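Q: Sending over a structure as structure tokens; questions will come in a sec.
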Amino acid sequence: MKKGLALVLAIALVFALFAGCNSKEKPDVATDPPTSGTDAPSQGTQAPQPTETEEPSPYNFAAGKYDVDERGFPTAPYEYELPLSTTDEVFTFWTTCWHMELVPEDGFGYLPNRMQEQELTGVNIEYEVVTQDVIMDQFAVRYAADDLCDITIGGTFYSTATIDENIEEGFYVNLYDYMEYMPNYIYQVTFDPADQDLYERVFYKKDIIATFYAIEDVAFIASNYLARGDWLDELGLDNDDIITWDDVHNMLTLFKANYCEFPFPMFSSIDMAGTYAFTSYDTLPAISTTAVGPAYQINGKVVFSHMNDTDREFMTMINQWYSDGLIDPSWSSYGNNTAFQDKTYSGQVGYVYMSPGEVDGYEKGTINDPDCRWDPIHKPLKTPGQVVHVGGEKSRWFYGSAVVSTKCTNIPLVVTWLDWKYSPSGAFICSYGPEGTLWEKDENGNPTATEWALSAPMGVAFAWLCMTFGFNALAEPGLEVCNRKYIMPGGDRMLAIHYYWDDYNYDGAYKWPSGVKFTSDQTDEINITSNDIVTYISENYSAFVDGSKPLSEWDAYVEQLHSLGIDRIMEIYQEAYDTYIASIE
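Our numbering numbers the first residue of the sequence shown as 101 and each following residue consecutively.
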């Protein structure tokens, strides 16, 4: 039914010309991969040798070659024998890139890391690359035309249908049916019983896996706020002493008086979903343009952000900061920190959300201060010692993801290729890229960043180079070796930033379980009811920041949410939450 509807929608859509997939013959990779990249499988039973009457298989699949526990899950990581395939099959991969200026003229597939992956695995991939500004529209076009690539990033995020519907209607492969071909992915998801969040994200249901997610090899707070540490020194301040919102306000006020006009370039979403910074008001103020919420629960009762007394209290403070001239007036145009990086490099901002891997590039790239230093700032609290209840989870799950199309002509091979990215050697190769680009060996044989990578070519910081010439964990699936971003002088200092952000009291009492799932009927009703609500929140909640919507209209704003049907959506969330709780008791 949905495929029929999709084809009808396709007629109504104006089709953009899809970028042609690159099919040129690629030259050999010039750099040698790590030795472990060609090791034979080290876990489980070895594959039987072919008899005289058997033809050798062109594939090095993992199925039947590793040990499993009583649940049927792998007991250890699995190393593939390479190449994975000796056939000339070609598969398509729909993905994105944040720095297209770094892509060779011949195409995305000619990036050195993409060439290395093809050379080692023998799997031929043609990439179709879309930019972030059109990615949702382009996905809608492909989905409506039932023309998904073999591998599509963000499939479960961009689609408004449920995972059940996408599998039942034949859009996405149920990867559960191919578990024997992905021992490394399943091992990473199941080896730690305490990591229930990751397990519940991957196992949509007991017998449904729709998505390969990006996974990090360690769990920590990936990104948050830093401030100009050299300015703090000159002002006689210490980042360790900046604990509360009042402390941050004082810091920004001094920055404004001494260094820059608008020190705080707040995001258009206000906070960054997933790695929240502003949670001490016991709400999650991040604005989504695609869904209601974020949702959380208090003593089992579902709560939506953006409509409670805590939200009004938070927004009252932010509105005051805007009135004080601390927040950049262009904040609503900042989707991420690359949108204002010229201001970061020129000292026009002093309190910026970034990942530790970006710090070195921003410090060295600052054009007007050779002493520039970025220091981490604690998540601001209302009072010292406050216990925060929501938004502080650490997870190995990361943003990148991909689904496999049922139209793929060799699903076991594509699943195997994706699983290789989670193997010990595959994770290293994909994370670091080929030797000589991002990294080289030091005197002890350990990876260290190349001078080219540290020079911030084209103004691109090292962390973003890693996303282009290594594993793009923001968009694609795989296992990220997180240490890859800290293989430069001073890398230990940057790695420690992750743990600095985690130094506060958090109990997760209001956490929304990732195992809560919705039925198809519930999802359909949510989608129909929420469209106007999402738009209304996006346009009106954010208007309280600059006062274009005065806070005196807060009650009327909330009343309109009720009129638009948000109570019914909360009822559906409550039903799904109660069903989940009953299932685990």
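Where is the CB? At the ideal position from N, CA and C, for every residue including glycine. It should be emphasised that the depicted structure is a prediction, and the values quoted were computed from it without experimental measurement.
Is the segment 277-289 in contact with the segment 157-166, if contact means three or more CB pairs nearer than 8 angstroms?
A: The segment 277-289 is in contact with the segment 157-166.
Q: Inspect the CB distances between the segment 567-583 and the segment 493-513 and report whether three or more fall short of 8 angstroms.
A: Verdict: yes, contact present.
Q: Beta-carbon separation of VAL190 and ASN224 under 8 angstroms?
A: Yes, the Cβ-Cβ distance between VAL190 and ASN224 is below 8 angstroms.
Q: What would DSSP say about TRP198, mapped onto helix, strand or coil?
A: Three-state DSSP puts TRP198 in coil, outside helix and strand.
Q: How would you write the range of the alpha helix (DSSP H) that TYR166 sits in, first residue to last?
A: From DSSP, TYR166 is part of no alpha helix (DSSP H); its letter is neither H nor E.
Q: Restricting to Cα atoms, I'd like to know which of SER683, LEU538 and GLY447 is closest to ILE467.
A: Checked all of SER683, LEU538 and GLY447; the closest Cα to ILE467 is GLY447.
Q: Threshold first: 4 residues or longer. Then list the alpha helix (DSSP H) segments lying entirely within the segment 365-440, N to C.
A: Runs found: 409-423.
Q: What is the DSSP secondary structure of THR679, reduced to helix, strand or coil?
A: Looking at THR679 - three-state DSSP - the assignment turns out to be helix.
Q: Shortest alpha-carbon distance to LYS479 belongs to which of GLY608, ASP632 and PHE378?
A: Out of GLY608, ASP632 and PHE378, PHE378 has the C-alpha closest to the C-alpha of LYS479.
Q: Let me make sure I understand the geometry here. Which of SER323, LEU332, GLY559 and ASP542 has the alpha-carbon closest to that of GLY457?
A: Nearest C-alpha to GLY457: SER323.
Q: Are MET594 and ASP460 close, meaning C-beta to C-beta below 8 angstroms?
A: Yes. Within cutoff.
Q: Is DSSP giving ASN572 helix, strand or coil here?
A: Residue state, collapsed to three classes: coil.
Q: How big is the Cα-Cα spacing for ASN408 and ILE681?
A: Computed Cα separation, rounded: 24 angstroms.
Q: Which two residues bound the contiguous alpha helix (DSSP H) that contains GLU205?
A: GLU205 -> no alpha helix (DSSP H), and no H or E assigned at all.
Q: Are the beta-carbon atoms belonging to GLU226 and THR192 less than 8 angstroms from one another?
A: Yes, the Cβ-Cβ distance between GLU226 and THR192 is below 8 angstroms.
Q: Check THR623 in the structure and name its three-state DSSP category.
A: Helix at THR623.
Q: So what does DSSP say about TRP612, is it helix, strand or coil?
A: TRP612: coil per DSSP, three-state reduction.
Q: State the Cα-Cα distance for the pair LEU538 and GLN441, rounded to the nearest angstrom.
A: Between LEU538 and GLN441, the C-alpha separation is close to 22 angstroms.
Q: Going by the DSSP bridge assignment, what does ARG328 pair with across the sheet?
A: TRP474.
Q: Relative to the C-alpha of TYR422, which residue among TYR396, TYR258 and PRO365 is closest?
A: Comparing Cα-Cα distances from TYR422 to each of TYR396, TYR258 and PRO365, the minimum goes to PRO365.
Q: Does DSSP classify PRO293 as helix, strand or coil?
A: The answer is coil: DSSP assigns PRO293 none of H, G, I, E or B.
Q: Are three or more beta carbon pairs between the segment 583-593 and the segment 228-245 nearer than 8 angstroms?
A: Touching, no.
Q: Do PRO476 and ASN691 come within 8 angstroms of each other at the CB atom, strictly closer than that value?
A: Outside the displayed range of the chain (101 to 685) lies residue 691, so it cannot be described from this structure.
Q: Roughly how many angstroms lie between the CA atoms of GLY526 and TRP520, to the nearest whole one?
A: Taking the straight line from one Cα to the other gives about 5 angstroms.
Q: Per the contact definition of three or more C-beta pairs closer than 8 angstroms, is the segment 612-632 in contact with the segment 286-305?
A: At 8 angstroms Cβ cutoff, the stretches touch.
Q: Tell me the rounded alpha-carbon separation between PRO363 and GLY425.
A: Distance between the alpha carbons of PRO363 and GLY425 is about 9 angstroms.
Q: Could you give the uninterrupted runs of the beta strand (DSSP E) lying entirely in the segment 238-289, keeping only those of 3 residues or more?
A: The segment 238-289 contains these whole beta strand (DSSP E) runs: 251-253.
Q: Apart from the five residues on each side of it in sequence, which residues of its chain come closer than 8 angstroms, Cβ to Cβ, to SER368?
A: For SER368, where only same-chain residues beyond five positions count, the Cβ hits under 8 angstroms are ILE387, TRP431, SER432, SER433, TYR434, GLY435 and SER642.
Q: Using only the alpha-carbon positions, how far apart do ALA176 and GLU170 sit?
A: Taking the straight line from one Cα to the other gives about 14 angstroms.
Q: Please classify ILE358: is it buried, with 16 or more other beta-carbons within 10 angstroms of its beta-carbon, or exposed?
A: Rather than Ile, the amino acid found at residue 358 in this sequence is Asn. With fewer than 16 other Cβ atoms within 10 Å, it is exposed.
Q: As an exercise, report each continuous alpha helix (DSSP H) stretch of at least 4 residues that is fully enclosed by the segment 647-678, in chain order.
A: List check, alpha helix (DSSP H) in window: 654-664.
Q: Is it buried or exposed, TRP552, if we count other Cβ atoms within 10 angstroms and call 16 or more buried?
A: That one is exposed.
Q: Assuming SER185 and LEU518 form a contact by the criterion Cβ under 8 angstroms, report the distance between their Cβ atoms to the nearest whole angstrom.
A: So it is not a contact: roughly 13 angstroms between Cβ atoms.
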